[in-house]
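Reading through the structure tokens given below for one structure.
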């Protein structure tokens, strides 16, 4: 943002918020200036109760503010009036004001009160940029409380007689871009009492600055630096009887004679005692009385930087009031000229300098983009008009760039450079110079084609230029050198003519088919719903023995589909496909199958739909059918189908990848529908023979498995380890037991049958699935000290832990013979001193599983069945030793000697109770 000499204001109304930070003042902006002094930002509250000023003094940041009853002025940091961009940040903190330059803090001002106090929850602040809303008599002078006058000059500090008699002092730092024009003028009515202008040069290397009083030339300065790229500093001082003009790089300064000078100075002195207007960079068009029109241009195109300390005459009331029409127009022009920076930017172009200065732009074709492809041939882009006009085509042939060019009835073809169809990204650029066309790959020039004149010329005042990417707008056989225009490639970061066209990017976003795949490699093929067709001749007319061999590297995205198919008419003599069901095995699993004439000859079970690459190899010859998938080989004999196959191969045959034609697909759809129907029928017959309540085969399960809770596992099996002094080690074990016993609360078993006695609870099997059998409840209170009801910690903090033992369910299993005792739990020591088990307790008494919980009739018949439990409490286990314990379920129909199943009829576990003090020691 460029700071203007006029004031601008805005009102900030933040939303009401409870957070006090919402009412704190903050500002951030970039600034560039050469001015050592001035106001950057001024903010005030309504009725001017509080105000804040950010400005420059001697090139450094200065802060002035007033809030409540306090007023403060602070300056700091380095000078920033160096013409460079600086980021300024002002932020009001809780008790201070932070000022940063380029994100580095230069000031931190204590401010115990808020700068601006919100009214009714709303903070209303007026902010002025580059000026004040009124006279600055309320601002503070550094080091004192004196008021700074609105206009002042450093020359006022000079007490010499010459200084007291000075009527005007002017300092200008200029850099002109034209050789004539008005630099400075005082205008009174329709006359110009004083003007400083640049006149026509006497020679090509000299310019002249002339001072006029009314129409009289009173002084002139000749210099060689006026239109030099550097700056010219000049100073003009007038007294009541003389004038002085100085500048850097002076060649010669001349004045009129003394008597004439005194006469003209009296005219100037009389004029400036009245009201005058001051102009910089020109004068109103209606004012012509300022010297010879042959010598001066009233509108000067120049950059002028006015120094801040200027002793100027009184400003006319018309400067901010009623300005004549012609003066009002000129004031606007002057303001724009004052805003001009000393340094120009080559990247900016100024328009409307004058009607004679116009820029004729010649269109030059340019293109730049990144390209990735494996395709050896195709068109990258076409640029030009219609077929009979000038055009260029950039293509790839045999992996190298090829340029086809047609203009002025001239046709050319040029090819050069490295192979680029390697699947890697390459930056390709084309640029039309004045007499040549340059093509680069990865910023290295590979072709420079000489052209006589511009490629694209004007037609009725317009350039006719169309751009087609990935093809040509006419048939490919009309190219200079015919090639296949279709190109399989990916393009990114394109810039056409003037830069990236956002409309192209939006079109690509809306069309999935125009988007590249995230990863590609040699042989990548993404057919979607289509397929690739190749016309190969397999049969050798000379009668030699032949073979069909196919090697595929696949990464499927679905588990069914055709990989390869040889099609002749409506027959498929050979196909390799993915399927998730094979009728021969009647298993629904993924297979790669090789079929001949619709008969599956070979099948390999393998999981290939896993986002990994897999190799498939198929071979067909007279005496061998071969299929290999990821190294798994299978062979077959084609004798039964070979005559038909050989006859087909002698005719017209087509090779398909990724799919087959619709009419062939319909056959396979019908084929797989029939196969699916047969599978469903077989599954229905099988299910109809099954009993929903009892498994058909139960001969492999003789005795129930036994498990414990808590069931924590170590490297070799069940392992329970904890420290009695560390709750973090045993709390998870306690939570496991509490959660496991929750379903055994009385409140959750109200639908159960109350059973008593010690005999089996036998029932008749249900007649239909809606009939449910009764179940006997098992309450956690039966576990006594290990129920978690009286002692919620299950004895773990005391080193006397409880273990819950459960038998798995077996439908219609009777654990004991008639007259034999019910099953019970007995624990023994496998590793450790047997004395550790002297104080053991079982719950229910004797660790018995009551017989009325047996037999079990299945989940459908007894959905509310609860397994009976036995709890074992170990009261005297030795501390800091790893013990191994075995708990068996003893009954005459339960075996515990199966070496293949360590959990059948018994459970083994390790337990170690650590004493915290002993371990730490």
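Numbering (this note's numbering), first residue to last: 1107 to 2027.
Beta carbons: idealized from backbone N, C-alpha and C, even for Gly.
DSSP places residue 1368 in the uninterrupted alpha helix (DSSP H) bounded by 1364-1378.
Listed in chain order, the beta strand (DSSP E) elements of length 3 or more contained wholly in the segment 1935-1967 are 1947-1949. Look at residue 1841 here: in three-state DSSP terms it is helix. In its chain, beyond the 5 residues on either side, 1674 have a beta carbon closer than 7 angstroms to the beta carbon of residue 1758. When the five nearest sequence neighbours on each side are left out, the beta carbons in the same chain lying within less than 6 angstroms of the beta carbon of residue 1827 are those of 2018, in order along the chain.
By the C-beta density criterion, residue 1977 is buried, having at least 16 other C-beta atoms within 10 angstroms.
Within the same chain, Cβ atoms closer than 7 angstroms to the Cβ of residue 1736 are found at 1712, 1720 and 1721, the five residues on either side in sequence being excluded. About 7 angstroms separates the CB atoms of residue 1477 and residue 1526; that is less than 8 angstroms, so the two are in contact.
Here residue 1989 is near residue 1938, since their CB atoms are less than 8 angstroms apart.
In the three-state reduction of the DSSP assignment, residue 1659 falls in the strand class. In the DSSP assignment, residue 1707 forms no beta bridge with any residue.
Within the same chain, 1167, 1182, 1183, 1205 and 1206 come within 7 angstroms of residue 1212 by CB-CB distance, once the 5 residues on both sides are set aside. When the alpha-carbon of residue 1881 is set against those of 1896, 1892, 1862 and 1894, the nearest one is in 1862. For residue 1484, the three-state secondary structure derived from DSSP is strand. Within the same chain, and ignoring the five residues on either side of residue 1522 in sequence, the residues whose Cβ sits closer than 6 angstroms to its Cβ are 1552 and 1553.
Collapsing the DSSP output to three states places residue 1503 in a strand.
Residue state for residue 1835 is assigned as helix, using DSSP reduced to three classes.
No residue range can be given for residue 1743, since it is assigned to no beta strand (DSSP E) and is classified by DSSP as neither H nor E. Residues 1682, 1707, 1708, 1724, 1731 and 1733 of the same chain have their beta carbon placed closer than 7 angstroms to that of residue 1700, with the five preceding and five following residues left out of the count. Between the segment 1952-1959 and the segment 2005-2012 there are fewer than three C-beta pairs closer than 8 angstroms, too few to call the two in contact. From the listed residues 1680, 1792 and 1485, the smallest Cα separation to residue 1578 is found for 1485. Nearest Cα to residue 1189 within the set 1143, 1139, 1215 and 1157: 1139. If only uninterrupted alpha helix (DSSP H) runs of at least 4 residues are considered, those enclosed by the segment 1577-1619 are 1608-1616.
In this structure, the alpha-carbon of residue 1853 lies about 10 angstroms from that of residue 1885. A check of alpha carbon separations from residue 1867 across 1895, 1590, 1858 and 1744 identifies 1858 as the nearest. Here residue 1985 carries a strand assignment [DSSP, helix/strand/coil]. By the CB criterion at 8 angstroms, residue 1910 and residue 1843 fall inside the cutoff. Note on geometry: alpha-carbon atoms of residue 1762 and residue 1479 lie some 23 angstroms from one another. Taken through DSSP and simplified to helix, strand or coil, residue 1886 comes out as helix.
Taking C-beta atoms as the reference points, residue 1760 and residue 1653 fail to come closer than 8 angstroms. Rounded to the nearest whole angstrom, the C-alpha separation of residue 1583 and residue 1590 is 9 angstroms.
Sequence-distant Cβ neighbours of residue 1971 in its own chain, meaning closer than 7 angstroms and more than five residues away, are 1881 and 1962. DSSP places residue 1138 outside both helix and strand once states are collapsed to three, so it counts as coil. With fewer than 16 other beta carbons inside 10 angstroms of its own, residue 1823 counts as exposed.
For residue 1872, the CB contacts under 6 angstroms within the same chain, skipping 5 residues up- and downstream, are 1967 in chain order. Approximately 7 angstroms separates the beta-carbon atoms of residue 1999 and residue 1920; this is inside 8 angstroms, confirming the contact.
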